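301 is the number that our numbering gives to position 317 of the sequence shown; each next residue is one higher, with no gaps.
Structure record follows, encoded as structure tokens.
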Amino acid sequence: MSITYLADTREFHLRNGQISYILGVHDDGTLGHLAFGPALAPGRSYAHLVPRRFAGFANRVGDPVALEYPTTGTGDYRVPALEVELADGSGVLQLVYASHRIVAGKPVVPIGGGRLPVTYVEADDEADTLEVTLIDESSGLTVELSYTIFRDLPLVARSARIRNAGGATVRLTAVMSATLDLPDARWDFVQLSGTWAREAHVTARTLRPGRQSVGSDRGASSHQHNPFIALRRPTTTEAAGEAYGFSLIYSGNFVAEAEVDPFETTRVRIGISPNTFAWTLEPGEAFTTPEAILAFSDSGLGAMSDALHRLYRERLARGRWRDRPRPILINNWEATYFAFDEAKLLEIATAARDLGVELFVLDDGWFGSRDDDTTSLGDWFVDRRKLPAGIAGVASKVEALGLRFGLWIEPEMVSERSRLFEAHPDWAVGVPGRPRTESRQQLVLDMSRQEVVDHLFGVLSEVLASAPISYVKWDMNRTLTEPFSVGLPSDRQGEFFHRHILGLYDLYARLTTAFPEILFESCAGGGGRFDPGLLAFAPQAWTSDDTDAIERLGIQWGTSLAYPLSAMGAHVAAVPNHQTGRRTPIDTRAAVAFFGVFGYELDPTALDELDRQAIVAQVAFYKAHRDLLQRGRFVRLLGPFEGDGNRVAWMVVAPDASRAIVGFYQALNHPVPSAARLRLRGLDPARVYRVSGWPSAEDPLFIDNTGARGGDELMSVGLSLGAHRHEADKWGDFRAWVFVLDGS
Ligand code: DGJ
């Protein structure tokens, strides 16, 4: 891996064995983009790849100029990276190259204290970083662009820092983390979209002239759109073809947008949503954008995801739990909702312990006087009616059973019916004198205010220090409305949303630093804030409130486009399922949840003997394969968003390809199924694998598929999925089969 500078042609070449990212200074001093894609030979000039002078769009024929950080007002009408209002009311900048530096590794950015979470390295030989400074001479505004190339990953981490080195105030109205100019428009725009309980569904559309975008202005990255998009060729598959991934390490309002111009080039931009943003920079002040990750693959979407998984699992997640095996948990939410007492919790914990579960999580309803969702958020003291011995009492009893104890909190919220709201009504987000919109009967605390963050750190630290708490589920159940902070002057209200997220990150940083042994899991009514920003603090997230196994196939498939299995909380829930009313076999539920951070969301005291035995076997299976399931390479095989989506398959493979586990799922059973085969990927063609089936080796589908099989055969011929057609009448709907491949 290296970053080289060709002084003659003023070009920078960031290169590792997999990719090249090349930029250069145009004749007029602007910073141009030359190429991002497969690794190109070092030491050569690529300046001829794009026009070096930009003459405005009006009479152009041919390719428009490609820029690294475009601005407005000089004839480039495509979406800009930066929009400003200067002191004279104008917004025209002439950003030209001023200087650069190349450093080994990646400059350290401590977490919290108003800073954004970013990726990092543990040794300088893991990455190199280029920083290029551009300057607008007449205003004194400077832009420092940062590019980190990692040694072993086909991606670049980018961010921008805007500094007001002039003498007058500047207002920033759009500041992207990155733009990327691509020389053609033959791409499909892939997004992860949905809503509550239907998150991260993969949607793709062909790029058309004009702008197409996803984003959020809700104050959270949102259930509706994830801060991730991909561009893939129409012919690109999971295993072949070109794809670019764009991912934003941020939990608030964002935009991810592609614009196709009249010359059929494409500009992509990703960053904080300009719709809800304005930031004032006084002389001497600077603003730093969130980090964006730009990944490239010429071997399909799978390799793009794999790169993001490795980066986020190993060099974004932090703390002691980053590399530790994650415990199998049981959560009481769907078992009891708000109606529990200590005895009921201990019954659940005891039954769960007997099944082999490792962690008991007490969900919503333990504090204030919260018997439903109309009250008490903000009152983080225990409800002695339900838990007379307090959190310490129940936690130590759970520990005495041999389980760890975890606790649910929702720090950023306040109920109108709460002591906190009575004492500090102005701490809730809203415009004084106007009604506040409630959602789930709750309001949002203004995290842009230091005193609110300080208060939350104080009360939550007390709770977490008061008992043996090993895990925290950090929920967030509504988005923001009436955005306004009484803590900000009227001309700075545009800063509210971003300052709110900075306050959230600060609280996360302080709590995770003060309690380094606690495993934090983030949650926002399920996957409403499943984003890289929070993964920096909480290495796992509750993927969705939808616990139905069939629905989860789509949600987990989509989430895996950008996020690793070690981040995806996935639980077996009771049937009929609480979100869909569907009844699926208990082993199907487990076979889906295995591909994530595994747990249970049911009442184990209400199980019949068959389900009890099934769970004992599931827990034993997950424990035996946990390292592979949480840290193996995830390979998507057969997608729920392709064709009729009836059959889905995926697998995890050990880094050395010595072992693998395959999940194959069928929603509806059809008579006389076709004699399909499932080709695996990522195996070692030279190895022989012992293939076995779970849960029941006697299942007809396993008969032809168990025994010794070559990796070459499994990848080029595949597993047989339909050999026993006459048995299909016994399969029934919602079935799953798990294949274990051992080649060690
Ligand atoms: C939403 C979460 O996603 C659920 O798991 C549960 O914790 C509820 N909130 C509790 O209010």
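The C-beta atom is built at its ideal place from N, Cα and C for all residues, glycine as well.
Values in this document were obtained by computation on a predicted structure and should not be read as measured data.
- Query: Buried or exposed: which applies to N259, given that a residue is buried once 16 or more other Cβ atoms fall within 10 Å of its Cβ?
  - Reply: Indexing the sequence shown from 1 puts residue 259 at position 275. When all chains shown are included, N259 counts as exposed.
- Query: How many angstroms separate the CA atom of N237 from the CA atom of I599?
  - Reply: Sequence index remark: in the sequence shown, residue 237 carries index 253 (1-based). Sequence index remark: in the sequence shown, residue 599 carries index 615 (1-based). So the alpha carbons of these two residues sit roughly 41 angstroms apart.
- Ends of the alpha helix (DSSP H) at P516? Here residue 516 refers to the residue found at position 532 when the sequence shown is read from its first residue. Segment P516 to L519, the alpha helix (DSSP H) holding P516.
- Message: Please list the terminal residues of the continuous beta strand (DSSP E) segment that includes Q175.
- Response: Here residue 175 is taken as the residue at index 191 of the sequence shown, counted from 1. D172 to T179 is the span of the beta strand (DSSP E), which, as asked, contains Q175.
- Message: Any beta carbon of chain B sitting closer than 8 angstroms to that of D532?
- Response: Among the chains in the structure shown there is no chain B, since it carries only a single protein chain.
- For F333 versus L387, is the C-beta distance shorter than 8 angstroms? If you number the sequence shown from 1, residue 333 lands on position 349. If you number the sequence shown from 1, residue 387 lands on position 403. Looking at the sequence itself, residue 333 is Ala, so the reference to Phe does not match. Annotated as proximal: A333 and L387, with beta-carbon spacing under 8 angstroms.
- Item | Identity of the residues DSSP links to D112 by a beta bridge | Within the sequence shown, numbered from 1, the residue matching residue 112 stands at position 128. BP columns for D112 point to A88 and I133.
- Heavy atom of ligand 2 within 7 angstroms of D459 beta-carbon: This structure does not include ligand 2; its bound ligands are ligand 1.
- For R145, three-class secondary structure by DSSP: For the purposes of this step, residue 145 is taken as the residue at position 161 of the sequence shown. Residue state, collapsed to three classes: strand.
- Query: Is D348 near ligand 1, judged by its Cβ being under 7 angstroms from some heavy atom?
  - Reply: Here residue 348 refers to the residue found at position 364 when the sequence shown is read from its first residue. The answer is yes for D348.
- Query: Around the C-beta of H17, are 16 or more other C-beta atoms found within 10 angstroms, so that it is buried, or is it exposed?
  - Reply: Residue numbering aside, residue 17 sits at position 33 when the sequence shown is read from its first letter. With 16 or more Cβ atoms within 10 Å of its Cβ, H17 is classed as buried.
- Three-pair Cβ contact test at 8 angstroms for the stretch 4 to 18 versus the stretch 48 to 64: yes
- Task: Could you tell me the distance, in whole angstroms, from the CA atom of T531 to the CA atom of H482?
- Result: What you label residue 531 is simply residue 547 of the sequence shown in a count that begins at 1. What you label residue 482 is simply residue 498 of the sequence shown in a count that begins at 1. Roughly 32 angstroms separates the two Cα atoms.
- Message: Is G510 a contact residue of ligand 1, with contact defined as CB to any heavy atom under 7 angstroms?
- Response: Within the sequence shown, the letter at position 526 stands for residue 510. Checking every heavy atom of ligand 1 against the Cβ of G510, one is found closer than 7 angstroms.
- Item | W526 beta carbon near ligand 1 (any heavy atom closer than 7 angstroms) | In the sequence shown, the residue the question calls residue 526 occupies position 542. Answer for W526: yes, Cβ within range of ligand 1.
- Task: Can you say whether E406 is buried or exposed, counting buried as having 16 or more other CB atoms within 10 angstroms of its CB?
- Result: Walking along the sequence shown from the start, residue 406 turns up at place 422. By the 10 Å Cβ count, E406 comes out exposed.
- Give the range of the beta strand (DSSP E) segment to which Q434 is assigned. Locating residue 434 in the sequence shown gives position 450, counting from the first residue. Per DSSP, Q434 belongs to no beta strand (DSSP E); it is in the alpha helix (DSSP H), Q434 to A449.
- Task: Whole angstroms is fine: what's the gap from S678's alpha carbon to L613's?
- Result: For the purposes of this step, residue 678 is identified with residue 694 of the sequence shown, where counting begins at 1. For the purposes of this step, residue 613 is identified with residue 629 of the sequence shown, where counting begins at 1. Correcting the residue identity first, residue 678 is Trp in this sequence and not Ser. If you take the alpha carbons of W678 and L613, they lie about 15 angstroms apart.
- Query: Of all the options G471, H439 and D363, which has the alpha carbon lying nearest to the alpha carbon of V415?
  - Reply: Against the sequence shown, residue 415 aligns to sequence position 431. Here the closest residue by C-alpha is G471.
- Message: Please report the distance separating the alpha-carbon of G517 from that of L232.
- Response: Along the sequence shown, one-based indexing puts residue 517 at 533. Along the sequence shown, one-based indexing puts residue 232 at 248. When rounded, the distance between both Cα atoms is 8 angstroms.
- Query: For V105, which of A659, A327, K90 and A71 has the nearest alpha-carbon?
  - Reply: Taking the first residue of the sequence shown as 1, we reach residue 105 at position 121. Comparing alpha-carbon positions, the option among A659, A327, K90 and A71 lying closest to V105 turns out to be K90.
- Measuring alpha carbon to alpha carbon, tell me which of A223, D592, V159 and G151 ends up nearest R142. By one-based count along the sequence shown, residue 142 stands at place 158. Residue V159 is the option with its Cα nearest to R142.
- Message: In whole angstroms, give me the CA-to-CA distance for G46 and A291.
- Response: Sequence index remark: in the sequence shown, residue 46 carries index 62 (1-based). Sequence index remark: in the sequence shown, residue 291 carries index 307 (1-based). Note on G46: pLDDT 46, under 50, position unreliable in the model; no value is reported.
- Is there contact here, the stretch 114 to 129 with the stretch 81 to 96, by at least three beta-carbon pairs under 8 angstroms? yes
- Item | Simplified DSSP assignment, three categories, for V105 | As a first step, residue 105 is located in the sequence shown; it is residue number 121 there, counting from the start. Looking at V105 - three-state DSSP - the assignment turns out to be coil, as it is neither helix nor strand.
- Consult DSSP for R155 and reduce its assignment to one of helix, strand or coil. Residue mapping note: residue 155 aligns to position 171 of the sequence shown, counting from 1. Annotated three-state conformation of R155 is strand, per DSSP.
- Item | Residues bridged to Q602 [DSSP beta-bridge criterion] | Position 618 of the sequence shown, counted from the start, is the residue given in the question as residue 602. Partner(s): none; Q602 has no beta bridge.
- Message: Could you compute how far the alpha carbon of V675 sits from the alpha carbon of F723?
- Response: Here residue 675 refers to the residue found at position 691 of the sequence shown. Here residue 723 refers to the residue found at position 739 of the sequence shown. Going from the Cα of V675 to the Cα of F723 covers about 7 angstroms.
- Message: Among the candidates R217, R403 and E128, whose CA atom is the shortest distance from the CA of A270?
- Response: Residue 270 sits at position 286 when you count from the first residue of the sequence shown. That would be E128, whose Cα lies nearest to the Cα of A270.
- Task: Would you list the one or two residues that DSSP bridges to K457?
- Result: As a first step, residue 457 must be located in the sequence shown, where it is residue number 473. DSSP lists W392 and E505 as partners of K457.
- Query: Cα-Cα, which of D245, L265 and R217 is closest to F740?
  - Reply: The question about residue 740 has no answer, for the chain in this structure spans -15 to 728.
- With Y5 as the anchor, note down where its alpha helix (DSSP H) starts and where it stops. Locating residue 5 in the sequence shown gives position 21, counting from the first residue. Taken as a continuous stretch (DSSP letters only), Y5 belongs to no alpha helix (DSSP H), being part of the beta strand (DSSP E) at I3 to V9.
- Item | Alpha carbon of G194 to alpha carbon of P64, nearest angstrom | In the sequence shown, counting from the first residue as 1, residue 194 sits at position 210. In the sequence shown, counting from the first residue as 1, residue 64 sits at position 80. If you take the alpha carbons of G194 and P64, they lie about 14 angstroms apart.
- Task: Report all residues from its chain with a CB closer than 6 angstroms to the CB of V140; omit the five preceding and five following residues, and keep chain order.
- Result: For the purposes of this step, residue 140 is taken as residue 156 along the sequence shown, with counting starting at 1. Hits under 6 angstroms: Y5, Y131, I133 and L278.
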